[in-house]
Amino acid sequence: MISHREALLKAEHSIAKIKDTVSKDLSRLKYHFMAPAYWINDPNGLIFYKGEYHLFYQHYPYDSKWGAMHWGHAKSKDLVHWEHLPIALAPSEPYDLDERGGCFSGSAVDDNGVLTLLYTGTVIKDGKVIQTQCLATSEDGITFEKYEGNPVIPVPPEDGSADFRDPKIWKHDEFWYMVVGSRKDDIGKALLYKSTDLRAWEYVGVLAESDGTMGYMWECPDFFTLGDRHVLMFSPMGMGTRKTIYLVGDMDYETGKFTWDTMGDIDHGFEYYAPQSFLDGKGRRVIIAWLNAWDWMPWFKNFGPTEKNHWCGAMSAPRTVELDTDGRLRFAPVEELQVLRREHYRLANTIVSPGAEVLPKYAGSDCVEMKVEFQLAGCSAEEIGFVLRAASDGIQRTLLIYNIRTNELRFDRNQSDGWSEGVQSVILERSGEEALKLHIFIDTCVIEVYTDNNRTVMTNNIYPVPSSTNMEVFSIGGQVTMNSIDIWKLCSAW
866 MISHREALLK
876 AEHSIAKIKD
886 TVSKDLSRLK
896 YHFMAPAYWI
906 NDPNGLIFYK
916 GEYHLFYQHY
926 PYDSKWGAMH
936 WGHAKSKDLV
946 HWEHLPIALA
956 PSEPYDLDER
966 GGCFSGSAVD
976 DNGVLTLLYT
986 GTVIKDGKVI
996 QTQCLATSED
1006 GITFEKYEGN
1016 PVIPVPPEDG
1026 SADFRDPKIW
1036 KHDEFWYMVV
1046 GSRKDDIGKA
1056 LLYKSTDLRA
1066 WEYVGVLAES
1076 DGTMGYMWEC
1086 PDFFTLGDRH
1096 VLMFSPMGMG
1106 TRKTIYLVGD
1116 MDYETGKFTW
1126 DTMGDIDHGF
1136 EYYAPQSFLD
1146 GKGRRVIIAW
1156 LNAWDWMPWF
1166 KNFGPTEKNH
1176 WCGAMSAPRT
1186 VELDTDGRLR
1196 FAPVEELQVL
1206 RREHYRLANT
1216 IVSPGAEVLP
1226 KYAGSDCVEM
1236 KVEFQLAGCS
1246 AEEIGFVLRA
1256 ASDGIQRTLL
1266 IYNIRTNELR
1276 FDRNQSDGWS
1286 EGVQSVILER
1296 SGEEALKLHI
1306 FIDTCVIEVY
1316 TDNNRTVMTN
1326 NIYPVPSSTN
1336 MEVFSIGGQV
1346 TMNSIDIWKL
1356 CSAW
């Protein structure tokens, strides 16, 4: 067994050998966070610490496939431009050293100036998965030491099972609280603990659990306040096409019970999983998620064609979370992304009709932001939409289409690239002849769409060739007035 320091140096050496080659890949994202090379999944340890944003993430530094989990690490001053830091955690101890396990997901807190990580150590012994909650600390925010008394929670409670992972920590009054994802009898659960020192933990009970329709396992739970309400986020396994859920309700810290009355989806696309939140220096609640899918999801094919280019996976652009007047959540791209805007093109009061498609300027870029508004009063079209990331010969193209009668917004990637397939759809909440507004971000192989006054978001991956950059606005069955379209070319954040 090698030391933790030796394991970290070995991992860094592996990344150093390949990162320059990977950086030249034209399919790499320009403003979504990626590891320097190889595999990345869940965001971990999101925190605003000593004036900077820190992002940790699940990472395998030896291949573009999943392997023994490490914690990658980066920091930023603006949530847009990221600086890669040395790998923070590597498997090295009996409770986390296993090629089939490692240092699984967790969170970070500022404990009187000490950056403290809580993570799930995962090993397999005698064919059984053993997951425990472990602690590591850093005085400088870069170099981490694992706690000698690990694991701080060595066994799951009776309410849980061997699936016992992804601790998220917060402080309320004099106690630290931890929520951990688990299951029992195929009922997904969020388990609650409390502590005064982050090392000795007392089990409180089941914070919330599935009613039988909300998945058999809750991964990556997150608990936070918005205004006078509380929010539980989690990523359920076994809930069909729904893979990022939020519950809004009230918390009773005396009983340790969370009672919810509102439920919604954080994202409706194919690729958005394991979101984690943090409170930033501006008082905003911000979330970041992993942009890929697991093999148990109904649409899973594989992890994407970039694997052959020595990288796999990325993070979503950061989003703020706010409470709407009816108790639902709204998600908006952080305003800091506007620093990437370059050339701007605006078109107003334009008629779009069959055979008279609108071909916006700046179609020759794979990195753009668009804001568009359609006037639906007096509209005769049956459907309106966009062709995105299209080849000049039309063989490659991605469709975003809105059906005016049914209020359905669908994302069709069956012709995107020869690899992607499937149609993802969502019924929008807009009503009557209210204008349809869309806010769209394109970044090489990711498209993020915000609509419904930011109550509905859809995130999807596509993998077209770099030259497939054409776009158009179209209508089917009649005409529609496009009140405005604003398009910005975006520069790279790297």
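Residue 972 in this note's numbering is what sits at position 107 of the sequence shown, and the numbering runs on without skipping anything.
For glycine and all other residues, C-beta sits at the position ideal for the given N, C-alpha and C.
Does DSSP classify Gln1280 as helix, strand or coil?
Numbered from its first residue, the sequence shown carries residue 1280 at position 415. In the structure shown, Gln1280 sits in coil (DSSP, three-state: anything other than H, G, I, E or B).
Rounding to the nearest angstrom, what Cα-Cα distance links Phe913 and Pro1163 in this structure?
The residue you call residue 913 lines up with position 48 of the sequence shown. The residue you call residue 1163 lines up with position 298 of the sequence shown. Their Cα atoms are separated by approximately 35 Å.
For Met1235, collect the residues of the same chain with a Cβ closer than 6 Å to its Cβ; drop the 5 residues on either side in sequence, then sort them by chain order.
Within the sequence shown, the letter at position 370 stands for residue 1235. Only Ile1305 and Ile1352 meet the Cβ criterion.
Please report whether the beta-carbon of Val1338 lies at a distance below 7 Å from any beta-carbon of chain D.
The structure shown has no chain D; it contains just one protein chain.
Which residue comes first and which comes last in the alpha helix (DSSP H) that contains Val1322?
Position 457 of the sequence shown holds residue 1322. Val1322 -> not in any alpha helix (DSSP H); beta strand (DSSP E) instead, spanning Thr1321 to Asn1326.
Can you list, in chain order, the residues of its chain whose CB lies under 6 Å from that of Ile995, leaving out five sequence neighbours each side?
Within the sequence shown, numbered from 1, the residue matching residue 995 stands at position 130. Contacts found: Val988.
Measure the CB-CB distance between Met1128 and Leu1144 and report whether it falls below 7 Å.
Position 263 of the sequence shown, counted from the first residue, corresponds to residue 1128. Position 279 of the sequence shown, counted from the first residue, corresponds to residue 1144. In this structure, Leu1144 does not lie closer than 7 Å to Met1128 by Cβ.
For Arg870, report the span of its alpha helix (DSSP H) as first-last.
The residue given as residue 870 occupies position 5 in the sequence shown. It spans His869 to Ser888 - the alpha helix (DSSP H) in which Arg870 sits, taken as one unbroken run.
Between the region 1050-1069 and the region 1129-1148, are three or more C-beta pairs nearer than 8 Å?
no
Per DSSP, Met934 forms a beta bridge with which residues?
On the sequence shown, residue 934 is found 69 positions in, with the first residue counted as 1. In DSSP, Met934 forms a bridge with Gly967.
Starting from the Cα of Met1365, find the closest Cα among His935, Val1252, Val1237 and Arg1270 and give me that residue.
In the structure displayed, the chain extends from 866 to 1359; residue 1365 sits before or after that span and is not available.
Considering only C-alpha positions, which residue in the set Gly1192, Asn1319 and Gly1283 is nearest to Asp1115?
Taking the first residue of the sequence shown as 1, we reach residue 1115 at position 250. Measuring from the Cα of Asp1115, the nearest candidate turns out to be Gly1192.
Cα-Cα separation between Asp1282 and Ile1350, rounded to whole angstroms
Translated into positions along the sequence shown, residue 1282 becomes position 417. Translated into positions along the sequence shown, residue 1350 becomes position 485. Asp1282 and Ile1350: Cα-Cα distance of roughly 26 Å.
In or out: Pro1183 buried (at least 16 other Cβ within 10 Å) or exposed?
Numbered from its first residue, the sequence shown carries residue 1183 at position 318. Burial call: buried.
Taking C-beta to C-beta, are Leu1091 and Ala1073 nearer than 7 Å?
If you number the sequence shown from 1, residue 1091 lands on position 226. If you number the sequence shown from 1, residue 1073 lands on position 208. No, they are not a contact pair.
Strictly by DSSP, which residues pair up with Asp1130?
By one-based count along the sequence shown, residue 1130 stands at place 265. Answer is Ile1110.
Count the other C-beta atoms from every protein chain shown that fall within 10 angstroms of the C-beta of Ile1216, then say buried if there are 16 or more, exposed otherwise.
Here the question's residue 1216 lines up with position 351 in the sequence shown. Exposed.
Distance, Cα to Cα, Thr1316 vs Leu962?
What you label residue 1316 is simply residue 451 of the sequence shown in a count that begins at 1. What you label residue 962 is simply residue 97 of the sequence shown in a count that begins at 1. Distance between the alpha carbons of Thr1316 and Leu962 is about 44 Å.
Burial state of Gly1025 (16 or more Cβ within 10 Å):
Taking the first residue of the sequence shown as position 1, residue 1025 is located at position 160. The residue is buried, with at least 16 neighbouring Cβ atoms inside 10 Å.
Pairwise C-alpha distance: Val1044 and Leu1056:
As a working note, residue 1056 is residue 191 in the sequence shown. As a working note, residue 1044 is residue 179 in the sequence shown. The straight-line gap from Cα to Cα measures roughly 5 Å.
Which term fits His878, buried or exposed, when burial requires 16 or more other beta carbons within 10 angstroms of its beta carbon?
Start at 1 with the first residue of the sequence shown, and residue 878 comes out as number 13. With fewer than 16 other Cβ atoms within 10 Å, it is exposed.
List the DSSP bridge partners of Met1116.
Here the question's residue 1116 lines up with position 251 in the sequence shown. Paired residue(s): Phe1123.
Quick check on the DSSP output: the beta strand (DSSP E) that includes Glu1067 runs from which residue to which?
Taking the first residue of the sequence shown as 1, we reach residue 1067 at position 202. From DSSP, the beta strand (DSSP E) with Glu1067 extends over Glu1067 to Glu1074.
So Pro901 packs on Ile880, CB below 8 Å; how close in whole Å?
For the purposes of this step, residue 901 is taken as residue 36 along the sequence shown, with counting starting at 1. For the purposes of this step, residue 880 is taken as residue 15 along the sequence shown, with counting starting at 1. Sure, about 5 Å apart at Cβ, within 8 Å.
Gln998 burial status per 10 Å Cβ neighbour count (16 or more: buried)
Within the sequence shown, the letter at position 133 stands for residue 998. Per the 10 Å Cβ criterion, buried.
Using CA coordinates, which residue listed in Pro959, Trp1359 and Gly1169 is at the minimum distance from Tyr903?
Translated into the one-based positions of the sequence shown, residue 903 becomes position 38. It is Gly1169 whose Cα lies nearest to the Cα of Tyr903.
Beta-carbon within less than 6 Å of Pro1331's beta-carbon, same chain only, minus the 5 sequence neighbours each way: which residues are those?
Locating residue 1331 in the sequence shown gives position 466, counting from the first residue. Closer than 6 Å at the Cβ level, and outside the excluded window around Pro1331, lie Leu891.
How is Thr1334 classed by DSSP in three states: helix, strand or coil?
In the sequence shown, the residue the question calls residue 1334 occupies position 469. Coil, per DSSP.
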